[in-house]
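Numbering (our numbering), first residue to last: 3 to 54.
From the three backbone atoms N, C-alpha and C, an ideal C-beta is built for every residue, glycine too.
Fair warning: this is a prediction, and the values are worked out from it, not measured in the lab.
Listed below in structure tokens is the structure:
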């Protein structure tokens, strides 16, 4: 149940921010976040490199 809530929160984050010009950009380094990562970890505003 907790995992489902995390996924739902991530999808809500994506829907709220999808039309912003910086959507899909890492909040730390500014690099493009791959679509596959956004689908797998939609709640993360960071690229793989910066998420560590």
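Secondary structure of residue i, DSSP reduced to three states
i	result
residue 8	helix
residue 20	coil
Proximity of residue i and residue j at Cβ, strictly below 7 Å
i	j	result
residue 28	residue 35	yes
Cα-Cα separation between residue i and residue j, rounded to whole angstroms
i	j	result
residue 6	residue 39	17 Å
residue 51	residue 10	24 Å
residue 43	residue 16	10 Å
residue 22	residue 33	15 Å
Identity of the residues DSSP links to residue i by a beta bridge
i	result
residue 51	DSSP output for residue 51 lists no bridge partner at all.
residue 27	34
First and last residue of the uninterrupted alpha helix (DSSP H) at residue i
i	result
residue 37	37 to 42
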